[in-house]
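Report on one structure; see the data block that follows.
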Amino acid sequence: MTHSHLVSRRTALKVGAGVAAIPLVHIRTARAANQKTFIMGYDPTGPTCHLGQYAAFVKGFFAEEGLRVQGVAALDNRTAVAQGRSHRLWIKTDAGVSEADVGYFDTDQLHNMVAGKVDYYIVDGNHFGCWSIMVPPNGPVQSVADLKGKTIEIGAYAVEPFLLHGHMWLHHWLKAPGLDAPREVTLRTYPWEALANLNDYVAEGFKTGKFAAIAVAEPRALIMEEKQLARRLVTQDETTHNNEFCCLTVIKRAIVENELETAASIVRAFRSAREWAGQHPRQAVLAAQAGGYYGTTVPVEGSVKAVECCLSFDTQLDVGQSLERALRTRIESGAIKTDKSPQELARLYYRKLA
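Numbering-wise (my numbering), the sequence shown opens with residue 38 and increments by one.
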């Protein structure tokens, strides 16, 4: 699945009877005839935290910067893990599997970047926490301390070396009251097959006591709440907010080094899109649904709430300082092996372009 848009920010988005129509696309054919096309890898599952990225297409922010950008769905996580990929921006086209030019990068993959397995520069932040720990709606678990001796299930792809096992934010949260995973809390991945019907899997798991809690990202947490299958015990936002980006924006190193102005334009487009989504969450949700990027069955109100409370698309957090903190945490935990300081690593992998 691909989306190739050269969209004016004057794009008309008609909303009637609560249903968003597909936006009108204005292709600047004369201007784009000899223009290079850049490939953006995006997550086709439509996570809420990527509404800012989807807005870059559906609201025409790339076109405003004079860019021609084609969106290509990234490899699904199961395939990426099975193939030993080191990040999420591998895409499959008619020419085969290759890396996208731009896209998103999980902070829990910084160990792969330091190991020399990621050919991108970090150029901006993306969003804050989109994950939550969900527990039975009427169960006894009321705090993190209640999880001592119990099992938390985590995403099937939250395994090393693809990601840090169990997410760094989750380890932070468990350590606050003195719990240590895996010594006192078991972090276990749920099977890939569970993704096909995660709601039923969670309901059955809570019923049988297979696990006491499960970590899920938006919009899955929203849907579980809506169906009263689970309640939130904590959000990632409450453990790392204003401290560490959950995901970062990256651009291929060759583009940054050889096409600096273009790279800066890409950063501006992404930043404008995120800020717009943060300031207009309802419009961002409806536009992403209309464009086919975000599930039409996902609760709109819940999605708006998630953007307003947690994702901080329009944050002014200093990317360099945040990256240094993230690197320091991972060095101290042993996840990153290096003789360099966090400051040195940040200078190696981060470029402030706009």
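Positions of the beta carbon are idealized from the N, C-alpha and C atoms, including for glycine. Source: prediction; values computed, not measured.
Boundaries of the beta strand (DSSP E) around Glu190: Thr188 to Ile191. Around the beta carbon of Lys264, fewer than 16 other beta carbons lie within 10 angstroms, which makes this residue exposed.
DSSP places Ser180 outside both helix and strand once states are collapsed to three, so it counts as coil. Each of Met77, Phe75 and Ala92 was checked against the Cα of Val322, and the nearest Cα belongs to Ala92. Contact annotation: Arg105 and Lys73 have beta-carbon atoms nearer than 8 Å. DSSP, reduced to helix, strand and coil, places Glu296 outside both helices and strands of the structure shown, so it counts as coil. Counting the other CB atoms within 10 Å of its CB gives Asn295 a total below 16, which places it among the exposed residues.
Leu266 and Lys389 have their C-alpha atoms roughly 43 Å apart. The beta carbon of Leu385 sits closer than 8 Å to the beta carbons of Lys377 from its chain, once the five residues preceding and following it are set aside; these are given in chain order.
Under DSSP, Leu285 shares a beta bridge with Phe142 and Gly162. Annotation: Thr188 to Arg122 spans about 28 Å, alpha carbon to alpha carbon. Taken in chain order, the whole beta strand (DSSP E) runs of length 3 or more contained in the region 195-260 are 223-226 and 250-254. Between Lys185 and Leu216 a beta carbon distance of about 6 Å is seen, short of the 8 Å cut, so the two are scored as contacting. Take Leu259, set aside five residues on each side of it, and the residues of its chain with a beta-carbon closer than 6 Å to its own are Pro336 and Gly339, in chain order. Distance from the CA of Leu88 to the CA of Gly78, rounded to the nearest whole angstrom, comes to 14 Å. By a beta-carbon distance limit of 8 Å, Pro84 contacts Ala254. Their separation comes to about 6 Å.
As the crow flies, the alpha-carbon of Val293 is around 27 Å from that of Leu348.
Closest option to Asn280, judged by alpha-carbon separation, among Gly103, Ser359 and Asp237: Ser359. In the DSSP annotation of this structure, Leu364 is not part of any beta strand (DSSP E); the continuous alpha helix (DSSP H) holding it starts and ends at Val356 to Ser370.
Here the alpha carbon of Ala314 sits roughly 15 Å from the alpha carbon of Phe99.
When secondary structure is reduced to three states using DSSP, Ile303 falls in the helix class.
According to the DSSP assignment, Gly133 belongs to the beta strand (DSSP E) that extends over Gly133 to Glu136. Phe350 carries a coil assignment under DSSP once its states are collapsed to helix, strand and coil.
The continuous alpha helix (DSSP H) containing Thr277 extends over residues Asp274 to Thr277. Residue nearest to Gln316 within the set Ser302, Ile368, Ala343 and Thr333 is Ala343 (criterion: CA-CA distance). Annotation: the continuous beta strand (DSSP E) that includes Ser169 extends over Trp168 to Val172. Between Arg268 and Pro177, the beta carbon gap of about 12 Å keeps them out of contact (Cβ cut-off 8 Å). It is roughly 23 Å from the alpha-carbon of Ile159 to the alpha-carbon of Thr276. In this structure, the beta-carbon distance from Lys289 to Asp156 falls below 8 Å. Apart from the 5 residues on each side of it in sequence, Asp143 sits with its Cβ closer than 6 Å to the Cβ of Cys284 in its chain, given in chain order.
Residue pairing by DSSP places Val271 opposite Ile170 in a beta bridge.
Note on Thr333: under 16 other CB atoms within 10 angstroms of its CB, so exposed under the neighbour-count rule.
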